[in-house]
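>
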Amino acid sequence: VYYPMEETLDGTISKNNFERIMKIVKDVDMVVIGPGMGLNLETENLILELIKNIQKPIIIDGDGLTLVKDNLNLLKERKYTTILTPHMGEFSRLTKLEKEEIENNRIKILLEKSNELNSIIVLKGYHSLISYPDGSLFINMSGNPGLAKAGTGDVLNGVICGMYGIGLNLFDAVRMGVFIHGLAADILKDRLGEDGITATDLINFLPFTIKKFKENFYDIKKKYSIEVVV
Numbered sequence: 040v041y042y043p044m045e046e047t048l049d050g051t052i053s054k055n056n057f058e059r060i061m062k063i064v065k066d067v068d069m070v071v072i073g074p075g076m077g078l079n080l081e082t083e084n085l086i087l088e089l090i091k092n093i094q095k096p097i098i099i100d101g102d103g104l105t106l107v108k109d110n111l112n113l114l115k116e117r118k119y120t121t122i123l124t125p126h127m128g129e130f131s132r133l134t135k136l137e138k139e140e141i142e143n144n145r146i147k148i149l150l151e152k153s154n155e156l157n158s159i160i161v162l163k164g165y166h167s168l169i170s171y172p173d174g175s176l177f178i179n180m181s182g183n184p185g186l187a188k189a190g191t192g193d194v195l196n197g198v199i200c201g202m203y204g205i206g207l208n209l210f211d212a213v214r215m216g217v218f219i220h221g222l223a224a225d226i227l228k229d230r231l232g233e234d235g236i237t238a239t240d241l242i243n244f245l246p247f248t249i250k251k252f253k254e255n256f257y258d259i260k261k262k263y264s265i266e267v268v269v
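Under the numbering used here, the final residue of the sequence shown carries the number 269; numbering is consecutive throughout.
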């Protein structure tokens, strides 16, 4: 469902839409904020107000991550679950740490930041890492470099929402969303090659991927393992 919104002069979403968006949010289970929203000052203020006021689980990605890096108290003070889905560059900006420093101690830094920011963090990569505020961390073993394409992270956000929408709790919805997203990429790799995978391909293959997962659960479980690090 598409909802027309008032625009700024730059073509981004106007802050005048705040009340309308808050009304729409009442009827959904989870909200994704950030991807493609732009960094117009008026839109930035809207995004920050939405993060502050929405009383639902929120996934923050893209431009949303750029904004919260200087407003981390918004995350710490939220009473509802916050999920951050940065790639390494975004995580570096969020933490104000160099990429090399993060690479050398990813697990420790991820767990510290999840606890500090009261947020689930999905550090996207070849094998994405998922950290939780309670000290749990999972290494996802599905996926391949073909996911390093524009738009694939947006698809991931949608898959996580979908997993939550079908009834999984938030803890499992994030893990399963990341896994199914990667599994779809692995199936596509066999058909198209890594270089040929696009975000649209991932979306189109999600129903088949979930069907395959259900029909071949034990074989897939044997092939892939998700390592738990405490």
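Every residue gets a Cβ at the ideal spot worked out from N, C-alpha and C, and that includes glycine.
With a 10 Å radius around its C-beta and 16 neighbouring C-beta atoms as the bar for buried, classify VAL269 as buried or exposed.
Translated into the one-based positions of the sequence shown, residue 269 becomes position 230. Note that VAL269 scores 46 on pLDDT, short of 50, meaning its location in the model is unreliable; the coordinates nonetheless yield the value given after this. Exposed: under 16 other Cβ atoms inside 10 Å.
> At what residue ranges does the segment 73-149 contain a whole run of the beta strand (DSSP E), taking only runs of 3 or more?
Segments of the beta strand (DSSP E) lying fully in the segment 73-149: 97-99 and 121-123.
> By DSSP, does VAL67 sit in helix, in strand, or in coil?
One-based indexing of the sequence shown puts residue 67 at position 28. The answer is coil: DSSP assigns VAL67 none of H, G, I, E or B.
> Label TYR257 either buried or exposed according to how many other C-beta atoms from any shown protein chain fall within 10 Å of its C-beta, with 16 as the threshold for buried.
As a first step, residue 257 must be located in the sequence shown, where it is residue number 218. That one is exposed.
> How far does the alpha helix (DSSP H) with ILE226 in it reach, from first residue to last?
As a working mapping, residue 226 is identified with position 187 in the sequence shown. Note, ILE226: alpha helix (DSSP H), 209-231.
> Any contact between the segment 195-207 and the segment 143-160? By contact I mean 3 or more CB pairs, one from each, below 8 Å.
In short, these stretches do not touch, since the Cβ pair count stays below three.
> Using a Cβ-Cβ cutoff of less than 7 Å, which residues in the same chain neighbour ILE249 once the five nearest sequence positions on both sides are dropped?
The sequence position of residue 249 within the sequence shown is 210, counting from 1. Excluding sequence neighbours, ILE249 sits near ILE219.
> Reducing DSSP to helix, strand and coil, say where VAL269 ends up.
As a position in the sequence shown, residue 269 is number 230, starting the count at 1. At VAL269 the pLDDT is 46, less than 50, meaning the model places this residue with poor confidence; the figure from the coordinates comes in the next sentence. DSSP places VAL269 in coil when its eight states are reduced to three.
> Mapping the DSSP letters down to three states, classify PHE57 as helix, strand or coil.
For the purposes of this step, residue 57 is taken as residue 18 along the sequence shown, with counting starting at 1. Reduced to three states, the DSSP call for PHE57 is helix.
> At which residues does the alpha helix (DSSP H) containing ILE160 begin and terminate?
What you label residue 160 is simply residue 121 of the sequence shown in a count that begins at 1. Per DSSP, ILE160 belongs to no alpha helix (DSSP H); it is in the beta strand (DSSP E), 158-162.
> How long is the line joining the alpha carbons of GLY216 and GLU46, rounded to whole angstroms?
Taking the first residue of the sequence shown as 1, we reach residue 216 at position 177. Taking the first residue of the sequence shown as 1, we reach residue 46 at position 7. C-alpha separation (whole angstroms): 32 Å.
> If we count the other Cβ atoms within 10 Å of its Cβ and call it buried at 16 or more, is ALA287 buried or exposed?
In this structure the chain extends from 40 to 269, so residue 287 is not present and cannot be described.
> According to DSSP, simplified to helix, strand and coil, what is ILE199?
In the sequence shown, counting from the first residue as 1, residue 199 sits at position 160. Here ILE199 sits in helix by DSSP.
> Does the segment 138-145 come within contact of the segment 97-112, defined as at least 3 CB pairs closer than 8 Å?
With the cut-off at 8 Å, the segment 138-145 and the segment 97-112 do not touch.
> Let me make sure I understand the geometry here. Which of GLY185, LYS135, VAL198 and LEU123 has the alpha-carbon closest to that of PRO172?
Within the sequence shown, numbered from 1, the residue matching residue 172 stands at position 133. Considering only alpha carbons, the answer is LEU123.
> Using only the alpha-carbon positions, how far apart do ILE242 and LEU222 sit?
As a position in the sequence shown, residue 242 is number 203, starting the count at 1. As a position in the sequence shown, residue 222 is number 183, starting the count at 1. When rounded, the distance between both Cα atoms is 12 Å.
> Output needed for ASN84: all residues of its chain with C-beta closer than 6 Å, excluding positions within five of it in sequence on either side, in chain order.
For this step, residue 84 is matched to residue 45 along the sequence shown. LYS54, listed in sequence order.
> Distance check for VAL213 and VAL194, CA to CA, integer angstroms please.
If you number the sequence shown from 1, residue 194 lands on position 155. If you number the sequence shown from 1, residue 213 lands on position 174. Straight-line Cα distance between these residues: approximately 13 Å.
> Identify the residues that DSSP records as bridge partners of GLU46: which are they?
Here residue 46 refers to the residue found at position 7 when the sequence shown is read from its first residue. For GLU46, which the question treats as bridged, DSSP gives the partners ILE52.
> Compare the C-beta of ASN143 with all C-beta atoms of chain B and state if any pair is closer than 7 Å.
Absent from the structure: chain B. Only one protein chain is present.
> LEU87 and LEU113 look like a contact to me (Cβ under 8 Å); what is the Cβ gap, rounded to whole Å?
To locate residue 87, count along the sequence shown from 1; it is residue 48. To locate residue 113, count along the sequence shown from 1; it is residue 74. Their Cβ separation, rounded to whole angstroms, is 7 Å, which keeps LEU87 and LEU113 in contact under 8 Å.
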